[in-house]
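In full-length UniProt numbering, the protein residues as written are 1 to 520.
In structure tokens form, the structure reads like this:
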């Protein structure tokens with residue numbers, strides 16, 4: 001049966017149909033936009049979690065290197081057999097480390113004898129050698145006053161060719177060796193090709209300087225190299241590509257790119273071929289090694305699917321309200337599902353952040369969290385801040401005398417004292433080992449800072465002299481380096497290095513004191 005509509009009725013039907021269709025589409029568009037934003041947030045959280053895991057892997061590698069440094073520091077002489085036995089234990093679960101090596105300081109007068117001994121053991125048949133820039137050709141090491149040849153390496157078989165390699169002549173190593181020795185700290189090289197696998201992925205060497213125990217003088221003169229009390233270097237060789245890709249999420253739709261961006265350089269570590277996908281979401285995160293800054297770019301090669309709007313069929317005026325309501329309920333249902341998923345992801349993120357942003361031993365924030373909090377501070381141009389770096393004096397003797405378990409207990413006690421002392425007036429962090437950092441955001445004067453630090457030193461000295469970890473032969477105290485600046489802290493690593501230098505000045509001036517560098 002045909003129904004004849006008046007012109008007004010026809011216009012009303014058309015208007016109602018259009019209004020219902022537009023309303024349904026509008027509600028769906030809002031839900032689709034919210035869903036897209038939530039998907040992008042979820043992808044960022046996945047990428048951020050991967051970056052935190054990557055930084056944790058790098059921190060774990062440097063922690064293992066410190067254990068080797070302690071072995072050589074505590075022993076007058078470590079034999080090849082002892083080195084191999086120690087490595088068998090330490091590297092048992094470290095499948096991502098390419099090699100751990102020992103390179104002692106050898107003088108020119110000692111070279112012939114050392115080369116002879118190596119040949120007798122079946123190593124370095126041509127004596128000390130070096131390589132060209134891409135490690136494709138070996139060359140005899142030139143005559144020089146001091147050498148740092150690789151003497152021990154583990155695992156031995158895949159790295160045997162590296163024994164006898166003179167490290168100081170390689171351009172990638174020279175800067176790291178000098179910085180590590182002169183400032184007594186771990187320092188990593190830029191990525192380079194290795195003699196064991198010149199055509200393989202790039203590797204990075206991380207240097208740990210070892211000094212004579214009876215020497216405590218610290219040379220800061222960059223013209224005096226190497227320091228007389230330098231015994232040599234423990235070197236850890238890692239391939240970043242293997243270290244990260246073997247441990248990060250293995251997903252088909254995630255593409256990783258790692259670059260070295262130290263001091264405004266931009267050297268690709270992996271992949272060497274530029275094959276980043278275009279037109280998809282990507283995020284960049286900084287990764288830090290001692291002396292190096294890397295950038296991890298995470299690209300998503302495909303986005304999560306967004307549901308298309310179902311066909312809305314408006315058959316009659318009586319069904320219009322039901323159609324609109326169904327579309328709204330459907331959109332709200334999808335939003336609710338995404339919201340629940342995001343809440344679960346947020347809870348997982350908070351757990352991961354708590355693990356990644358706090359020091360597991362003391363509960364204080366770690367270096368990554370400290371740097372993030374400092375970058376988020378809103379400081380006035382005239383507001384004075386004091387960045388303080390505290391290092392315990394003679395703490396090694398606590399570990400040697402009472403054991404590492406008691407040493408950890410002592411560190412937690414010191415962390416509690418520092419945290420309570422600066423509660424409400426600053427940010428307290430543990431860098432690692434026996435180093436702590438605290439930032440005072442409202443420093444009124446040198447006198448105020450001096451009183452606060454002297455009070456802290458007194459508390460620490462009291463605990464060290466009256467507690468259960470008293471060591472009369474080597475009393476434990478603290479040395480603090482302070483950098484006072486005004487306005488926002490833009491170069492955090494530079495300020496931290498200044499505080500580190502000030503701390504060593506405090507040690508050189510007698511320990512158990514503080515030293516202030518002021519730019520105010």
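The C-beta atom is built at its ideal place from N, Cα and C for all residues, glycine as well.
Exposed or buried, which one is residue i when buried takes at least 16 other CB atoms within 10 Å?
{"i": "residue 237", "result": "buried"}
{"i": "residue 442", "result": "exposed"}
{"i": "residue 158", "result": "exposed"}
{"i": "residue 445", "result": "exposed"}
{"i": "residue 239", "result": "buried"}
{"i": "residue 519", "result": "exposed"}
{"i": "residue 179", "result": "buried"}
{"i": "residue 458", "result": "exposed"}
{"i": "residue 244", "result": "buried"}
{"i": "residue 286", "result": "exposed"}
{"i": "residue 310", "result": "For residue 310, the predicted structure reports a pLDDT of 39, less than 50, and the residue's modelled location is therefore unreliable. The matter cannot be settled from this model."}
{"i": "residue 241", "result": "buried"}
{"i": "residue 299", "result": "buried"}
{"i": "residue 428", "result": "buried"}
{"i": "residue 450", "result": "exposed"}
{"i": "residue 424", "result": "exposed"}
{"i": "residue 263", "result": "exposed"}
{"i": "residue 228", "result": "exposed"}
{"i": "residue 15", "result": "exposed"}
{"i": "residue 226", "result": "buried"}
{"i": "residue 147", "result": "buried"}
{"i": "residue 166", "result": "buried"}
{"i": "residue 143", "result": "exposed"}
{"i": "residue 510", "result": "exposed"}
{"i": "residue 502", "result": "buried"}
{"i": "residue 512", "result": "buried"}
{"i": "residue 134", "result": "exposed"}
Taking 8 Å as the CB-CB limit, is residue i close to chain C?
{"i": "residue 424", "result": "Checking the listed chains, one finds no chain C in this structure; it contains a single protein chain."}
How many Å lie between residue i and residue j at the Cα?
{"i": "residue 420", "j": "residue 268", "result": "44 Å"}
{"i": "residue 500", "j": "residue 185", "result": "10 Å"}
{"i": "residue 126", "j": "residue 153", "result": "18 Å"}
{"i": "residue 150", "j": "residue 106", "result": "11 Å"}
{"i": "residue 102", "j": "residue 173", "result": "14 Å"}
{"i": "residue 168", "j": "residue 136", "result": "18 Å"}
{"i": "residue 394", "j": "residue 400", "result": "10 Å"}
{"i": "residue 317", "j": "residue 30", "result": "At residue 317, the pLDDT of 40 sits below 50, so the modelled position is not reliable and the matter cannot be decided from this model."}
{"i": "residue 403", "j": "residue 198", "result": "42 Å"}
{"i": "residue 454", "j": "residue 448", "result": "10 Å"}
{"i": "residue 156", "j": "residue 388", "result": "43 Å"}
{"i": "residue 438", "j": "residue 464", "result": "20 Å"}
{"i": "residue 507", "j": "residue 342", "result": "50 Å"}
{"i": "residue 108", "j": "residue 145", "result": "5 Å"}
{"i": "residue 363", "j": "residue 282", "result": "32 Å"}
{"i": "residue 284", "j": "residue 77", "result": "45 Å"}
{"i": "residue 121", "j": "residue 396", "result": "35 Å"}
{"i": "residue 40", "j": "residue 47", "result": "11 Å"}
{"i": "residue 346", "j": "residue 370", "result": "21 Å"}
{"i": "residue 498", "j": "residue 348", "result": "37 Å"}
{"i": "residue 259", "j": "residue 514", "result": "38 Å"}
{"i": "residue 60", "j": "residue 97", "result": "11 Å"}
{"i": "residue 475", "j": "residue 431", "result": "22 Å"}
{"i": "residue 482", "j": "residue 422", "result": "15 Å"}
{"i": "residue 181", "j": "residue 187", "result": "9 Å"}
{"i": "residue 204", "j": "residue 493", "result": "21 Å"}
{"i": "residue 22", "j": "residue 33", "result": "16 Å"}
{"i": "residue 18", "j": "residue 294", "result": "55 Å"}
{"i": "residue 440", "j": "residue 386", "result": "5 Å"}
{"i": "residue 376", "j": "residue 516", "result": "25 Å"}
{"i": "residue 202", "j": "residue 54", "result": "17 Å"}
{"i": "residue 409", "j": "residue 415", "result": "10 Å"}
{"i": "residue 194", "j": "residue 132", "result": "10 Å"}
On the premise that residue j lies in contact with residue i, defined as a C-beta separation below 8 Å, what is that separation, rounded to the nearest angstrom?
{"i": "residue 139", "j": "residue 129", "result": "6 Å"}
{"i": "residue 489", "j": "residue 478", "result": "The pair is not a contact, with the Cβ atoms about 23 Å apart (cut-off 8 Å)."}
{"i": "residue 368", "j": "residue 434", "result": "Rounded, the Cβ-Cβ distance is 19 Å, inconsistent with contact."}
{"i": "residue 382", "j": "residue 486", "result": "6 Å"}
{"i": "residue 247", "j": "residue 57", "result": "6 Å"}
* Specify whether the stretch 82-98 and the stretch 227-235 touch according to this definition: at least 3 beta carbon pairs, one from each stretch, less than 8 Å apart. => no
* For the stretch 195-211 against the stretch 64-81, are there 3 or more C-beta pairs whose distance is under 8 Å? -> yes
* Asked: Between the stretch 109-126 and the stretch 52-66, are three or more C-beta pairs nearer than 8 Å?
  -> no
* Where are the alpha helix (DSSP H) runs, 4 residues long or more, that stay fully inside the stretch 175-199, in chain order? -> none
* **Any alpha helix (DSSP H) of 4 or more consecutive residues that is wholly inside the UniProt domain "GGDEF" (383-519)** => 395-402, 404-421, 446-466 and 492-508
* To do: Let me know the beta strand (DSSP E) ranges lying completely inside the stretch 90-168, each 3 residues or longer, listed in chain order.
  => 97-104, 129-131, 138-140 and 152-154
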